[in-house]
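So the protein sequences, as listed, match chains X and C. For the first sequence, this note's numbering gives the first residue as 1, with consecutive numbering after it. For the second sequence, this note's numbering gives the first residue as 237, with consecutive numbering after it. Backbone N, C-alpha and C define an ideal beta-carbon position, used for all residues, glycine too.
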Amino acid sequence: MPHDDAPPVTVITGSRKGIGMFLAQHYVKRGHHVIGVSRGAADWTLDGYTHFEADVADEPAVIRILREVRARFGMIVNLINNAGIASMNHVLLTPAKTVRNILETNLLGSFLFAREAAKAMCERKYGRIVNFSTVATPLKLEGEAAYAASKAAVVSLTEVMAREFAPFNVTVNSIGPTPIETDLIRAVPADKMKRLVARQAIPRLGTFEDVANVTDFFLAPESSFITGQNIYLGGV
Amino acid sequence: MREALHTLVTKVAALIAEAENKAPPVPGGLLYGADGAFDSITLVALIVAVEQAVEQEFGAVLVLADEKAMSQRKSPFRSVETLVEHIEARLKENKPHAA
């Protein structure tokens, strides 16, 4: 990371709750200034945390927020594209609008934030971008076709962006969490969840700390030679 | 406005060229391609830097690589002059987030 006295600015989408909230608080504790973005207001505050309300797929809003961050803080060092939605349903019962919403939040949202953050990162010739994939893709999880497909696209996006951003010393990687106790899996029946976890090499639910361990690795300045990689938790 | 934009783009192009150890684009010359001043990656860096410079100088948030720009038969990014025309048109349209 370029030497600078100011705390590194880390943008985290979907920071209002769940993994995003945990990561936001984790990086504030580590001395980052965290910019959180969610569709709704956060019901928590912290010194070193600034919250913006926006839909991650709203292009003008994404541009406005990231340019404001750059103007206020002079840099964007890290981006964690955590915002994501899922919809458990059989393909035959899935409306097009559901698929469109999933693709917009999971794929387009990640794309827009990466594109605009990378513009600021290019200027300083340094940056770290972490996207979120899922084990639902390699496990071919029935009932999550649109979600798994959207995250497969995120892996592909990660791999290509890694090559396009490499000349600017910006790395792009992704993490594929196993099921974790969040709103995203609350609607999944317990027996289905048990069968899913049993397919992992390490058959247990993931924790927020498991996710932070991987994002720490990807964001580390020492990880300058790690790009275009996807790490699945749980040995999937 | 065009003169101010021309000065701005020329200045940014010179800074980018210097940072990349390349010669700055010559007046009327191509920005990229076989006979161009920059390779594709340097052109990307130039467009990003010009967007930021326009924002600082004119207070306008533009996305220069918008749908209109990318669908034109002749790229607006082929020379300093065409890039200046493109920025001027975007500023006049007053569509800061058009993309």
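Spell out a yes or no on whether the region 167 to 178 of chain X and the region 103 to 123 of chain X are touching, meaning 3 or more CB-CB pairs, one atom from each, closer than 8 Å. yes
Taking C-alpha atoms, which residue in G234/X, R30/X, L141/X, I63/X lies nearest to A118/X? I63/X
Mapping DSSP to helix, strand and coil, what is L267/C? coil
Assign L141/X to one of three DSSP states: helix, strand, or coil. coil
With a threshold of 7 Å on Cβ separation, who are the neighbours of E293/C within its own chain once the five nearest residues in sequence on each side are excluded? L244
Kindly indicate if chain X contains any beta-carbon less than 8 Å away from that of E321/C. no
List, from N- to C-terminal side, the beta strand (DSSP E) runs of 3 residues or more that fit wholly inside the region 65 to 120 of chain X. 78 to 81
If we ignore side chains and look at the alpha-carbon of each, how far apart do F217/X and Y268/C end up? 37 Å
From R72/X, E144/X, A201/X, pick the residue whose C-alpha is nearest to that of T98/X; which is it? E144/X
Measure how close the beta-carbons of T13/X and A61/X come, nearest whole angstrom, since I'm counting them as under 8 Å. Between A61/X and T13/X the Cβ distance is about 12 Å, and since that is not below 8 Å, they are no contact.
Given that R67/X touches chain C, what residues does it touch there, using C-beta distances under 8 Å? E291, V297
Those runs of the alpha helix (DSSP H) which lie wholly inside the region 192 to 219 of chain X and span at least 4 residues: 208 to 219
In terms of alpha-carbon separation, which member of D43/X, E142/X, N101/X lies closest to L92/X? E142/X
Does E123/X come within less than 8 Å of chain C when only Cβ atoms are used? yes
Given a limit of 7 Å on CB to CB distance, which residues of the region 186 to 217 of chain X reach chain C? none
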